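A.B. asks: Supplied in structure tokens, the structure appears directly below.
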Amino acid sequence: MTAPGTAGLVPEPAGPGVTGGAVPETAVPVAEVPVAELPVAELPAAAVPVVKVPSAEVPVAEVPETAVPVAEVPETAMPGFADPHARWQRLSPRSLVVRPLTDLARLLPLLAGLLILHARTGGGLVWGIAAAAAAVVTGLVHWATTRYLITPERVYLRHGLLNQKRLSVARDRIRSVDVTAHLLHRMLGVCRVTIGTGRNDLRSGESFRLDGLTRADAEALRVVLLAGVRGGARPGDRAQTADQHVPAGAAAPSPAAGGTGAPRADGARGRPDRREIASLRLGWLRFAPLTLTGLVVLGVLFGAVVQLTNATDINLARTGPVRLVVSDYASLSVVQRVLAGGAVAIAGYVLIAVIGYIAVYWNFRLVGDGIDTLRVSRGLISVRATTISLSRLRGVEISEPLLLRAARGARCTAITTGLHVGRGAEHEGSVLLPPAPATIARSVAADVLGVPDELCSGPLERHGAAARRRRYARALAGAVLIVAAIMAATLAQHGPAWVWAGSFLLLPVAALVAADRYRSLGHRLAGEWLVTRTGSLSRRRSIIRTDAIIGWRIHQTWFQRRLGLMTLTATTAAGQQHYSVRDVPVRTGLAIAIAATGDLVPPFLLG
Amino acid sequence: MPSAAAAAASDPLLPGLRVPGNRVSRRAISYWTARAALSGAVVVAAESAVAGASGFGVTWGVVIAATAAVLGGHALIMPRWRYRVHRWEVTDQALYTRTGWFSVHWRIAPISRIQTIDSHRSLGERIFGLANVTATTASAAGPVRIHGLDRALADKLLDQLAVATGQAAGDAT
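If you read the protein sequences in the order shown, they are chains A and B.
So that you can map any letter, position 154 of the first sequence is 161 in the working numbering, and since no number is skipped, the others follow by simple counting.
So that you can map any letter, position 69 of the second sequence is 139 in the working numbering, and since no number is skipped, the others follow by simple counting.
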């Protein structure tokens, strides 16, 4: 257990609202539990180093795979699920009713619906009672079967009667311990402890959560667990995540943080080492209609109008101007209608897209601040400023959707840990460059990463004839299926022949897409950077650091196997979490994996 | 040790790569068969119910026979195929698995990057004395799952992986 020095990671318990990522209003007031007076020994299992070890090997049935080839496990370090002497702890008896009651509360709408149904048909009540009973029973079972165990190295959790879950996490992987209590918890004097390991995507069943500890137990548990958090592991971990609300008072007294990753105060403004990497030019507005941002804005506007009319009881279709336009439109001929409608739609779309671009990216500036920080600021109405620590930057993605590419445009997204995960990231915190000329996008990427330009713009290694064949086969197979479906539908419905005849146009289109997809396909491994590019309608070139790769996935479908291809996927904790080199020849793919991650792959190679 | 012999074999599916040393439990075949048969039976039963409601035409008879044949074939072939593909191995450096049947996945996760080690056993798995082990890394895309392990072995593996990850430092988050 490392001594303090962890202040940057762990806000000291100073009262409500400082329990890591806990939502302030649900944080438990822990004032009545003076932490200093809590001897660790009060937590039985936490303090007792479990050294009782089953002397013999755990008896395992005579199945062929008994020999688990884990090298030299020290006998003294065998606590855990297999240890019969481990002192497992349970949830507080007071929390017995928490789960059933919360589940019942969630069921309320359903129950209400069933009751109404009951009033009409007479069958609902039975089902309602059954659902309620099931909720109560599962809640009780969850309480009764939940056990946890804390050893010097790890935390174990198990629960479930029919579906049994067993989880364990190394204590030095624990990044946060959140203690929360909602209304019911507070009435019962219990709370919920959630142990975070830095992953933000865990499904509910997989999260490490103890729902129903007494406040004293929870607080002591928090202190004990966080005392084990390594000092200075990643001082930026907690501070950098965009939606973290650390009260100023709690963040300030952290002398040991050293400020390496902590958000800088504004005193840094005007420092000589600030340099502007990119800023918005008016000419970039021409790219606005070429992305989907405009459609998003259109949707938002539409929603707002609908809401307005609903709220004010104005029927838009009955208002004067709308009626005038509609009656004029009705008097046009068909061709005129199509032309006029199309022109209005395009003009409206362009206008809205430009407005959207301005609203989101106005005043965009990308600034390098010192040697370790990037700052992105943008926005007209709501100004957004993002700080990206270079120590958390693992790469850059240059995306060129088809339309944008046709106009020689591109945009950049940072691949970084701690910001929003997944596709939403594009429009959230990690924008490095809005749609802009591709040349600028490439130089920004190269500049931010400090890599040669050719990694961001240069040619990539092609994946060969087999990969090309697969692109065509996939695109054409899909098109043929659609054509066949359209044909069958029109023949069955006796529709006009031009419909299915016209659908044959899909085939050349599919071929064009396939050709473009193959052109986009490529990879390159240069030094400590892996570059990979895929896609046509939305083409992306990802440049990631090889030391950010924390594992490999190789996928091979039956069809790929016949062509000698595979898809190599590097998993990482940043950005989209996985970046693929698609349809790469087997030999080349393995060579990439070997070269990119040092001694990880070679043990699994032949010879 | 059987794993040593297997380790020397090249992976016929992916030349150059070594076959992971250990197979899963043979009981997994029965479990997968039971599961596939059960879900197949549900589909066929649903079809029969619909067919019965609309008076059992010849078309329905053909459709039901076809689905029964396809799903029955799936329940017979898939588990055995899968058993031949599913392999796993733990070294002190990494966790290495091969899964799938029609499409095959290989996973390599360094022990040092493993964050949590879980085991989940559904009712069906428990009936057949099986369990699965999941090791998660800091990447949302990186969990490594080993299905169809013997239950006692899974517990042991869980603890041994726990110890192994405890000894490696850092998880690259």
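No residue lacks a Cβ here, since even glycine has one placed at the ideal position from N, Cα and C.
Just so it is clear, the structure is predicted and the values come from calculations on it, not from any experiment.
Pick out whichever of B:A234, B:T235, B:L223, B:V233 has its Cα sitting closest to the Cα of N92 of chain B.
C.D. replies: B:L223
A.B. asks: With a cut-off of 8 Å on the beta carbons, I'd call R222 of chain A and G375 of chain A a contact; round off their distance for me.
C.D. replies: Contact flag wrong, Cβ pair sits at about 46 Å.
A.B. asks: Which residues of the stretch 155-181 of chain A have a Cβ closer than 7 Å to any Cβ of chain B? Give them in chain order.
C.D. replies: E160, R161, L169, N170, Q171, K172, R173, L174, S175, V176, A177, R180
A.B. asks: Between S543 of chain A and the ligand FAD, is the CB less than 8 Å from at least one heavy atom?
C.D. replies: Inclusion of the ligand FAD in the displayed structure is not the case, the ligand content being empty and no account of it being possible.
A.B. asks: Closest Cβ-Cβ distance between W176 of chain B and chain A: below 9 Å?
C.D. replies: yes
A.B. asks: Using only the alpha-carbon positions, how far apart do V588 of chain A and R524 of chain A sit?
C.D. replies: Approximately 13 Å between the Cα atoms of the pair.
A.B. asks: When we look at the beta-carbon of H501 of chain A and count the other beta-carbons within 10 Å, is it buried (16 or more) or exposed?
C.D. replies: exposed
A.B. asks: May I have the straight-line CA-CA distance separating R418 of chain A from A119 of chain B, to the nearest angstrom?
C.D. replies: 54 Å
A.B. asks: Taking buried to mean at least 16 other C-beta atoms within 10 Å of its own C-beta, is P82 of chain B buried or exposed?
C.D. replies: exposed
A.B. asks: Considering just the uninterrupted stretch of the beta strand (DSSP E) at A164 of chain B, what are its terminal residues?
C.D. replies: 164-170
A.B. asks: Indicate the three-state DSSP secondary structure (helix, strand or coil) for L168 of chain A in the structure shown.
C.D. replies: coil
A.B. asks: Using the Cα positions of S102 of chain A and K172 of chain A, report the straight-line distance between them to the nearest angstrom.
C.D. replies: 20 Å
A.B. asks: With DSSP collapsed to three states, give me the class of G158 of chain B.
C.D. replies: Reading off the sequence, residue 158 of chain B comes out as Trp, not Gly. Of the three classes helix, strand and coil, the one that applies to W158 of chain B here is strand, per DSSP.
A.B. asks: Expressed to the nearest angstrom, what Euclidean distance is found between the alpha-carbon atoms of T169 of chain B and R476 of chain A?
C.D. replies: 26 Å
A.B. asks: Can you give me the C-alpha to C-alpha distance between G348 of chain A and G471 of chain A, rounded to a whole angstrom?
C.D. replies: 46 Å
A.B. asks: In terms of residues, what are the limits of the alpha helix (DSSP H) holding D224 of chain A?
C.D. replies: Its alpha helix (DSSP H) spans residues 222-234.
A.B. asks: Is the CB of Y166 of chain B under 9 Å away from at least one CB in chain A?
C.D. replies: yes
A.B. asks: Give me the residue from A:L195, A:T446, A:A508, A:A93 with the minimum Cα distance to E461 of chain A.
C.D. replies: Closest in alpha carbon position to E461 of chain A, among A:L195, A:T446, A:A508, A:A93, is A:T446.
A.B. asks: Is the Cβ of I147 of chain B closer than 9 Å to any Cβ of chain A?
C.D. replies: No - not a single Cβ of chain A is within 9 Å of the one on I147 of chain B.
A.B. asks: Taking the straight line between their C-alpha atoms, what separation do you get for A311 of chain A and I362 of chain A?
C.D. replies: Straight-line Cα distance between these residues: approximately 16 Å.
A.B. asks: Below 7 Å CB to CB, which residues in the same chain sit around A448 of chain A once its five sequence neighbours on both sides are set aside?
C.D. replies: I405, A417, R418, C419, L440
A.B. asks: Indicate whether H166 of chain A and H192 of chain A have their beta-carbon atoms separated by less than 9 Å.
C.D. replies: no
A.B. asks: Report yes or no: is there a C-beta of chain A within less than 9 Å of the C-beta of V233 of chain B?
C.D. replies: yes
A.B. asks: Suppose the cutoff is 6 Å on Cβ atoms and the five residues either side in sequence are ignored; what does the same chain contact list for D158 of chain B look like?
C.D. replies: Correcting the residue type first, residue 158 of chain B is Trp in the shown sequence and not Asp. Same-chain partners within the cutoff: P90, N92, T167, I216.
A.B. asks: Would you report the Cα separation of G485 of chain A and R478 of chain A, rounded to the nearest angstrom?
C.D. replies: 11 Å
A.B. asks: For R475 of chain A, does the three-state DSSP call read helix, strand or coil?
C.D. replies: helix
A.B. asks: Excluding five sequence neighbours on each side, which residues of the same chain lie with their C-beta closer than 8 Å to the C-beta of L174 of chain A?
C.D. replies: Y163, L164, R165, E213, F215
A.B. asks: Kindly say whether F215 of chain A, judged by its beta-carbon, lies nearer than 9 Å to any beta-carbon of chain B.
C.D. replies: yes
A.B. asks: Is it true that the CB of R568 of chain A sits closer than 9 Å to the CB of P529 of chain A?
C.D. replies: The sequence shown places Gly at residue 529 of chain A, rather than the Pro named in the question. No, these two residues do not count as a Cβ contact at 9 Å.
A.B. asks: Evaluate contact between the stretch 103-112 of chain A and the stretch 134-142 of chain A, counting only Cβ atoms and requiring at least three cross-stretch pairs below 8 Å.
C.D. replies: yes
A.B. asks: What does Q96 of chain A pair with, by DSSP beta-bridge criteria?
C.D. replies: A:Y155
A.B. asks: Determine, using beta carbons only, whether H427 of chain A comes closer than 9 Å to chain B.
C.D. replies: Legend: pLDDT at H427 of chain A = 45, less than 50; position of this residue unreliable, value from coordinates given subsequently. No, because no Cβ of chain B sits closer than 9 Å to the Cβ of H427 of chain A.
A.B. asks: What residues of chain B sit near L331 of chain A, judged by a beta carbon separation below 9 Å?
C.D. replies: Under the 9 Å cutoff, chain B gives no residues; its nearest Cβ is about 54 Å from L331 of chain A.
A.B. asks: Exposed or buried, which one is G457 of chain A when buried takes at least 16 other CB atoms within 10 Å?
C.D. replies: exposed
A.B. asks: Mind pulling the chain B residues with CB within less than 9 Å of P91 of chain A?
C.D. replies: Under the 9 Å cutoff, chain B gives no residues; its nearest Cβ is about 11 Å from P91 of chain A.
A.B. asks: Within this structure, are the beta carbons of A205 of chain B and I187 of chain B separated by less than 9 Å?
C.D. replies: yes
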